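For reference, the structure is listed below as structure tokens.
2 protein chains.
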Amino acid sequence: MSGLNSLDKVLSILDLFTEDRLEWTPEQMRRELGFARPTLYRYLKALREAGLLTSLPGAGFTLGPRVVEMDFLMRKSDALVLRGQARLEALTALEPCAALLVRWYGQRLLCVAAECSAPDPLSSYPRGRPMPLARGAISRSIMAFLPRRQMTAMIEQNLDELRGIGLGADVEEIAERLRAVRRRGHAVAHGEVTPGVVGIAAPVFDAARTPIASLCMTIAGNRITGDRIETLGREIRARADEISAALGRDRASGESGGCPNDPATGRHLLQPEDT
Amino acid sequence: MSGLNSLDKVLSILDLFTEDRLEWTPEQMRRELGFARPTLYRYLKALREAGLLTSLPGAGFTLGPRVVEMDFLMRKSDALVLRGQARLEALTALEPCAALLVRWYGQRLLCVAAECSAPDPLSSYPRGRPMPLARGAISRSIMAFLPRRQMTAMIEQNLDELRGIGLGADVEEIAERLRAVRRRGHAVAHGEVTPGVVGIAAPVFDAARTPIASLCMTIAGNRITGDRIETLGREIRARADEISAALGRDRASGESGGCPNDPATGRHLLQPEDT
DNA sequence: TCCAAAATCCCAATATCTGAGATTTCGTGA
DNA sequence: TCACGAAATCTCAGATATTGGGATTTTGGA
Chain A
1 MSGLNSLDKV LSILDLFTED RLEWTPEQMR RELGFARPTL YRYLKALREA
51 GLLTSLPGAG FTLGPRVVEM DFLMRKSDAL VLRGQARLEA LTALEPCAAL
101 LVRWYGQRLL CVAAECSAPD PLSSYPRGRP MPLARGAISR SIMAFLPRRQ
151 MTAMIEQNLD ELRGIGLGAD VEEIAERLRA VRRRGHAVAH GEVTPGVVGI
201 AAPVFDAART PIASLCMTIA GNRITGDRIE TLGREIRARA DEISAALGRD
251 RASGESGGCP NDPATGRHLL QPEDT
Chain B
1 MSGLNSLDKV LSILDLFTED RLEWTPEQMR RELGFARPTL YRYLKALREA
51 GLLTSLPGAG FTLGPRVVEM DFLMRKSDAL VLRGQARLEA LTALEPCAAL
101 LVRWYGQRLL CVAAECSAPD PLSSYPRGRP MPLARGAISR SIMAFLPRRQ
151 MTAMIEQNLD ELRGIGLGAD VEEIAERLRA VRRRGHAVAH GEVTPGVVGI
201 AAPVFDAART PIASLCMTIA GNRITGDRIE TLGREIRARA DEISAALGRD
251 RASGESGGCP NDPATGRHLL QPEDT
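In structure tokens, the structure reads:
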């Protein structure tokens with residue numbers, strides 16, 4: 001915990017808040033992080049004033065309102081989510097399934113939008129749930145379309161896990177398998193993330209044709225045959241390409257970033273996609 | 001922007017990201033905040049490493065994955081949301097309406113969960129949308145149950161707005177109106193937040209009987225008569241009290257904070273409420 | 001009302017942050 | 001593939017802003 005600058009130290013407080021523990025008293029934090037008392041309180045003051053933390057009436061701190069507001073901002077103004085929603089719904093109409101839109105953040109895959117039409121979803125990936133970085137159709141659909149250099153780096157970083165899945169023994173062999181995914185246009189995985197569930201995924205690109213996200217469909221394995229998987233894969237690919245195209249158009253027109261929204265309902269007024 | 005300590009300066013970067021502008025290049029930030037270049041980059045590095053910001057491939061920064069993950073944490077482990085969900089659904093079953101669970105953060109009211117059964121919602125308050133602090137049934141349902149001291153302070157801070165609604169001319173008169181709300185047990189507002197929409201709300205308390213949130217139902221004004229409002233008000237009050245009771249029980253038993261969750265679906269396994 | 005615990009204040013020492021300028025890296029177009 | 005310009009990072013001396021022990025105030029509970 002020493003050797004860090006004060007910025008990192010303040011922000012390290014946020015790391016305390018995990019699934020297992022969402023409430024911390026200052027004394028507990030001090031024990032964990034080893035800050036002097038006035039220092040800790042200074043840090044807490046800054047975080048509270050920024051709204052990232054909030055103090056509970058009884059005793060202790062939790063994550064604050066700013067977190068919820070920022071997520072709202074992202075949901076409401078993220079072109080990827082806005083353009084993706086309709087396609088998620090289109091996919092769930094094809095088949096009882098869960099359809100996910102997953103964003104790639106370099107070191108993390110995070111579900112940013114989801115729709116479900118299966119009566120009893122076998123696995124649940126709501127917004128915010130991190131996905132495994134190196135297994136499953138989603139991961140592969142992105143890795144396969146990375147520029148050579150980045151693809152190699154990513155394979156090396158996750159070599160053990162990729163080997164475990166049986167994708168290949170060394171970097172070159174795995175890269176070849178990924179190139180095959182690229183040629184096919186979509187990735188398929190059988191029970192890699194959740195046993196008994198088939199995942200089919202295709203990448204979404206930004207203007208520079210870099211993959212930034214993945215559109216994915218997850219289906220109970222016993223409902224589905226090889227041919228159907230192929231058909232759905234093409235369908236997913238088509239929807240993903242639509243999203244990429246819409247994003248490109250968004251960026252080309254309104255460079256300002258945000259989209260106007262309806263003051264009454266708060267819902268976003270998307271530019272027409274003029275397909 | 002000067003005279004602040006470095007913690008505030010780092011966190012002030014987050015304030016740049018608003019509804020109107022979710023993408024900022026370092027140069028734009030520098031122009032806005034006036035930091036020296038290496039300083040800004042140091043700050044950005046810290047925020048990026050914490051995951052609060054992410055750099056877009058093209059150019060610029062946006063809010064990062066950590067925001068989405070933290071909101072997920074809060075959604076998934078917030079006892080208020082977990083206990084409230086079933087009651088929101090119960091309310092939407094009574095009447096075509098939108099039902100909201102709104103948390104009070106001292107200076108902010110923020111929707112944390114919502115359900116809707118109206119075919120065409122007149123106003124939309126999804127999770128994360130801030131609500132006006134001093135108008136509407138939600139606001140009043142909380143103010144009315146505040147300890148005397150806090151109630152007075154809050155009235156004084158928002159005197160102009162409260163006068164504008166016609167709640168009373170001075171602090172004492174408004175306080176009396178709030179005490180009436182307290183006696184009735186729920187607050188009603190006609191078109192204060194959204195024209196033509198009736199809001200009915202009752203407070204949720206923590207273990208110390210401090211109001212921490214409000215359970216609210218919003219209904220199209222023309223669908224509803226005085227008697228029905230009274231009936232629904234009592235219903236909402238009952239559901240809100242159930243939530244308060246469940247929260248008290250949660251706190252009394254598992255002091256650890258988090259609840260266990262199902263590794264397969266990621267959904268939370270609530271303790272039984274043993275009603 | 002009082003009491004104990006929690007939170008804040010004070011201030012000297014100095015470790016840490018700042019920022020100009022040099023340098024490297026990166027993205028882009030030829 | 002190379003070279004160009006812009007963007008990002010590094011270096012380092014100076015000085016300011018941060019740190020933390022201890023005193024003090026505030027808070028909230030009995």
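Chains as they are written, first to last, in the working numbering: chain A, 1 to 275; chain B, 1 to 275.
Every residue gets a Cβ at the ideal spot worked out from N, C-alpha and C, and that includes glycine.
Quick caveat: nothing in here was measured; it's all calculated off a predicted structure.
**Q.** Candidates A:Gly136, A:Arg234, A:Lys76, of which the one nearest Gly191 of chain A by Cα
**A.** Within the first sequence, the letter at position 191 stands for residue 191 of chain A. Nearest option by C-alpha distance: A:Gly136.
Q. Skipping 5 residues on each side, what residues in its chain have a beta carbon closer than 8 Å to that of Asn158 of chain A?
A. As a first step, residue 158 of chain A is located in the first sequence; it is residue number 158 there, counting from the start. Once the five neighbours on either side are set aside, the close Cβ partners of Asn158 of chain A are Leu133, Ala134.
Q: Using a cut-off of 8 Å between C-beta atoms, extract the partners of Val67 of chain B located in chain A.
A: By 1-based counting over the second sequence, the position of residue 67 of chain B is 67. Chain A residues near Val67 of chain B: Val67, Met70, Asp71, Met74.
Q) Does Arg30 of chain A come within less than 9 Å of chain B when only Cβ atoms are used? A) Here residue 30 of chain A refers to the residue found at position 30 of the first sequence. It does not; no Cβ of chain B falls within 9 Å.
Q. Going by other Cβ atoms of all chains shown within 10 Å of its Cβ, with 16 needed for buried, is Ala98 of chain A buried or exposed?
A. Taking the first residue of the first sequence as 1, we reach residue 98 of chain A at position 98. With 16 or more Cβ atoms within 10 Å of its Cβ, Ala98 of chain A is classed as buried.
Q: Let me know the secondary structure DSSP gives Glu115 of chain A once reduced to three states.
A: The sequence position of residue 115 of chain A within the first sequence is 115, counting from 1. It is a strand residue.
Q.
Less than 9 Å between the beta carbons of Ile243 of chain B and Ala213 of chain B, yes or no?
A. Sequence index remark: in the second sequence, residue 243 of chain B carries index 243 (1-based). Sequence index remark: in the second sequence, residue 213 of chain B carries index 213 (1-based). In contact: Ile243 of chain B and Ala213 of chain B (Cβ atoms closer than 9 Å).
Q | C-alpha gap between Ala46 of chain A and Ala240 of chain A, whole angstroms | A | Your numbering for residue 46 of chain A matches position 46 in the first sequence. Your numbering for residue 240 of chain A matches position 240 in the first sequence. One C-alpha to the other measures close to 41 Å.
Q. What in chain A is Cβ-close to Val112 of chain B, meaning under 8 Å?
A. Position 112 of the second sequence, counted from the first residue, corresponds to residue 112 of chain B. Val68, listed in chain order.
Q. Which residue comes first and which comes last in the beta strand (DSSP E) that contains Leu133 of chain A?
A. Translated into the one-based positions of the first sequence, residue 133 of chain A becomes position 133. Counting along the chain, Leu133 of chain A falls outside any beta strand (DSSP E), and DSSP gives it neither H nor E.
Q) Should Tyr125 of chain A go down as buried or exposed, given a rule of 16 or more other Cβ atoms within 10 Å for buried? A) For this step, residue 125 of chain A is matched to residue 125 along the first sequence. It is buried - the Cβ of Tyr125 of chain A has at least 16 other Cβ atoms within 10 Å.
Q | Segment contact flag, the segment 66-85 of chain A with the segment 11-23 of chain B, C-beta cutoff 8 Å, min 3 pairs | A | yes
Q. Of the choices A:Gly226, A:Arg31, A:Ala238, A:Glu230, whose alpha-carbon is the least far from that of Val204 of chain A?
A. Translated into positions along the first sequence, residue 204 of chain A becomes position 204. When each option's Cα is compared against that of Val204 of chain A, the closest is A:Ala238.
Q: Name, please, each residue of chain B whose Cβ falls closer than 8 Å to the Cβ of Val197 of chain A.
A: The residue you call residue 197 of chain A lines up with position 197 of the first sequence. The premise fails here: Val197 of chain A is roughly 10 Å from chain B at the closest Cβ pair, so nothing lies under 8 Å.
Q. Would Glu156 of chain A be called buried (16 or more neighbouring beta carbons within 10 Å of its own) or exposed?
A. Translated into positions along the first sequence, residue 156 of chain A becomes position 156. Exposed is the call here.
Q. If you compare alpha carbons, which of B:Glu27, B:Glu230, B:Leu82 is closest to Asp250 of chain B?
A. On the second sequence, position 250 is the one that residue 250 of chain B refers to. Considering only alpha carbons, the answer is B:Leu82.
Q) If you scan the segment 163-251 of chain A from start to end, which runs of the beta strand (DSSP E) of 3 or more residues do you find wholly inside it? A) 187-190, 197-205, 211-220
Q.
Could you tell me the alpha carbon to alpha carbon distance between Arg184 of chain A and Ala220 of chain A, rounded to whole angstroms?
A. Within the first sequence, residue 184 of chain A is the residue found at index 184, counting from 1. Within the first sequence, residue 220 of chain A is the residue found at index 220, counting from 1. Looking at the two C-alpha atoms, the distance is approximately 22 Å.
Q) Closest to Ala207 of chain A by CA distance: which of A:Met143, A:Gly248, A:Leu91, A:Val171 is it? A) The residue labelled residue 207 of chain A in the question sits at position 207 within the first sequence. Among A:Met143, A:Gly248, A:Leu91, A:Val171, the Cα nearest to that of Ala207 of chain A belongs to A:Gly248.
Q) Among all the DSSP beta bridges, which residues are the ones paired with Thr54 of chain A? A) Taking the first sequence and counting its residues from 1, the one referred to as residue 54 of chain A is at position 54. Per DSSP, A:Thr62.
Q. Residues of chain A with CB under 7 Å from Asp8 of chain B, in chain order?
A. Residue mapping note: residue 8 of chain B aligns to position 8 of the second sequence, counting from 1. What Asp8 of chain B touches in chain A: Ala46.
Q) Residue range of the beta strand (DSSP E) that Ala98 of chain A falls in? A) If you number the first sequence from 1, residue 98 of chain A lands on position 98. Residues 98-104.
Q | Helix, strand or coil at Arg127 of chain B [DSSP, three-state] | A | For this step, residue 127 of chain B is matched to residue 127 along the second sequence. Coil.
Q.
So with CB distances below 9 Å, who are the chain B contacts of Arg127 of chain A?
A. Walking along the first sequence from the start, residue 127 of chain A turns up at place 127. The answer, in chain order, is Val68, Asp71, Phe72, Arg75.
(Q) Distance check for Cys216 of chain A and Leu40 of chain B, CA to CA, integer angstroms please. (A) Residue mapping note: residue 40 of chain B aligns to position 40 of the second sequence, counting from 1. Residue mapping note: residue 216 of chain A aligns to position 216 of the first sequence, counting from 1. Going from the Cα of Leu40 of chain B to the Cα of Cys216 of chain A covers about 37 Å.
Q. Which one or two residues does DSSP pair with Leu110 of chain B in a beta bridge?
A. Your numbering for residue 110 of chain B matches position 110 in the second sequence. The partner list for Leu110 of chain B (beta bridge, DSSP) reads B:Arg103, B:Pro130.
Q. Looking at the structure shown, is Thr25 of chain B part of a helix, part of a strand, or coil, going by DSSP?
A. Numbered from 1 along the second sequence, position 25 holds the residue referred to as residue 25 of chain B. Reduced to three states, the DSSP call for Thr25 of chain B is coil.
Q.
Quick check on this structure: which residue in A:Ala50, A:Gly60, A:Leu11 has the alpha carbon closest to the alpha carbon of Gln28 of chain A?
A. For the purposes of this step, residue 28 of chain A is identified with residue 28 of the first sequence, where counting begins at 1. Cα-wise, what sits closest to Gln28 of chain A is A:Gly60.
Q. How would you call Val67 of chain A, buried or exposed, if buried means at least 16 neighbouring beta carbons within 10 angstroms?
A. Within the first sequence, the letter at position 67 stands for residue 67 of chain A. That one is buried.
Q | CA-to-CA distance, Val102 of chain A to Thr54 of chain B, given in whole angstroms | A | The residue given as residue 54 of chain B occupies position 54 in the second sequence. The residue given as residue 102 of chain A occupies position 102 in the first sequence. One C-alpha to the other measures close to 15 Å.
Q) What's the call for Ala318 of chain B, buried or exposed, on a 16-neighbour Cβ count within 10 Å? A) Outside the displayed span of chain B (1 to 275) sits residue 318 of chain B, for which this structure offers no information.
Q.
For a cutoff of 9 Å on Cβ pairs, would you count Glu27 of chain A as touching chain B?
A. Looking up residue 27 of chain A in the first sequence gives position 27. Output row for Glu27 of chain A: interface = no.
Q.
Between A:Leu7, A:Asn5, A:Pro96, A:Pro195, which has its C-alpha nearest Arg357 of chain A's C-alpha?
A. For chain A, the structure presents residues 1 to 275; residue 357 of chain A sits outside this window and is missing.
Q. Who are Thr18 of chain B's beta bridge partners in DSSP?
A. Here residue 18 of chain B corresponds to residue number 18 of the second sequence, with the count starting at 1. Its beta-bridge partners are B:Arg21.
Q: Show which residues of chain B have a CB atom less than 7 Å away from the CB atom of Ala50 of chain A.
A: To locate residue 50 of chain A, count along the first sequence from 1; it is residue 50. By Cβ distance, chain B contributes Leu11, Leu14.
**Q.** DSSP-derived helix/strand/coil call for Asp71 of chain A
**A.** Taking the first sequence and counting its residues from 1, one reaches residue 71 of chain A at position 71. Helix at Asp71 of chain A.
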